[in-house]
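Residues in the sequence shown are numbered from 14 upward in steps of one, following this note's numbering. See structure below.
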Amino acid sequence: MVAADTVEFYAKTNYEELKKTARLSELEHTVLGTSYRSCRLGDGTKLFVWNHTQPSTNAEWVKDQPDIPASGPMQCYQVLKGDTSVARVKFEDDTGGNPGDFTLILKLANIGDVNIPSKDGKYAPAGVVPRDDSLVTTAVYVRKRNGEYPVTGSLYFQWNKSTQKVEILEKDNWPKDKLKHQADSANNFTITLIST
Numbered sequence: 014m015v016a017a018d019t020v021e022f023y024a025k026t027n028y029e030e031l032k033k034t035a036r037l038s039e040l041e042h043t044v045l046g047t048s049y050r051s052c053r054l055g056d057g058t059k060l061f062v063w064n065h066t067q068p069s070t071n072a073e074w075v076k077d078q079p080d081i082p083a084s085g086p087m088q089c090y091q092v093l094k095g096d097t098s099v100a101r102v103k104f105e106d107d108t109g110g111n112p113g114d115f116t117l118i119l120k121l122a123n124i125g126d127v128n129i130p131s132k133d134g135k136y137a138p139a140g141v142v143p144r145d146d147s148l149v150t151t152a153v154y155v156r157k158r159n160g161e162y163p164v165t166g167s168l169y170f171q172w173n174k175s176t177q178k179v180e181i182l183e184k185d186n187w188p189k190d191k192l193k194h195q196a197d198s199a200n201n202f203t204i205t206l207i208s209t
């Protein structure tokens, strides 16, 4: 039986050859499907998994995985408490540009840079939000196709106990004259470029 608040990773499918026991908050890049081919989750955990080069390909695993595909899209993981939320954003452009004219760049602790092209329509990870009073800060940049950065700022996420949702808080570094945000679900948001 897997200990609470841990995840066991195995070298082979169907839980053969225990290779590592990971604890809460541990993460590794480019190991799923290569070093680890199956995993068991202990009570109180889940895995946030993503593709190393395309973080918009991501998921939350809440049960054991007997066969992690060798060529599957999920390569990286972070062990989270089971009630932790992963905030995700997609990026829209209301300035009249073509799809991909602008890219929203998020600087995430543990994951790295997440690039979201305008009008892509996919939600990408923007922050791991615990269900306490923690404020999670993510640096935000908007890059034009020509390499200029017309917008910089920060996103602030926090769990709202009353609504049972992740919220974006507008603080001093939120560029409200250039970006707007809307909640699409309990932890998904649309960030829209409104001016440059």
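Where a beta carbon is used, it is the ideal one built from N, C-alpha and C, also for glycine. Note that the structure is a prediction, hence the values are computed from the model and not measured.
Bridge partners - residue i, DSSP secondary structure assignment
i: residue 60; result: 74 and 92
i: residue 126; result: 120
i: residue 19; result: 36
i: residue 180; result: 171
i: residue 106; result: 206
i: residue 98; result: 142
i: residue 201; result: 101
Interface flag, residue i vs chain B, CB-CB below 9 Å
i: residue 206; result: Judged by its chain identifiers, the structure shown contains no chain B, having just a single protein chain.
Nearest candidate by alpha-carbon position, reference residue i, set the options
i: residue 199; options: 60, 193, 99 and 152; result: 99
i: residue 178; options: 184, 155 and 202; result: 202
i: residue 19; options: 40, 153, 157 and 29; result: 40
i: residue 67; options: 52, 150 and 85; result: 85
i: residue 194; options: 26, 173 and 168; result: 168
i: residue 22; options: 117, 75 and 34; result: 34
i: residue 57; options: 45, 16, 27 and 51; result: 16
i: residue 136; options: 119, 146 and 149; result: 119
i: residue 14; options: 95, 54 and 72; result: 54
i: residue 45; options: 204, 76 and 81; result: 81
i: residue 164; options: 206, 72 and 90; result: 206
The beta strand (DSSP E) enclosing residue i, as first and last residue numbers
i: residue 173; result: 164-173
i: residue 138; result: 137-142
i: residue 39; result: Per DSSP, residue 39 belongs to no beta strand (DSSP E) and is neither H nor E.
i: residue 133; result: From DSSP, residue 133 is part of no beta strand (DSSP E); its letter is neither H nor E.
i: residue 67; result: Segment: none, residue 67 is in no beta strand (DSSP E) and carries neither H nor E.
i: residue 155; result: 149-157
i: residue 51; result: 51-54
i: residue 193; result: 192-196
Status (buried if at least 16 other CB within 10 Å, exposed otherwise) for residue i
i: residue 123; result: exposed
i: residue 176; result: exposed
i: residue 190; result: exposed
i: residue 162; result: exposed
i: residue 185; result: exposed
i: residue 210; result: Here the chain comprises residues numbered 14 to 209, so residue 210 is not present and cannot be evaluated.
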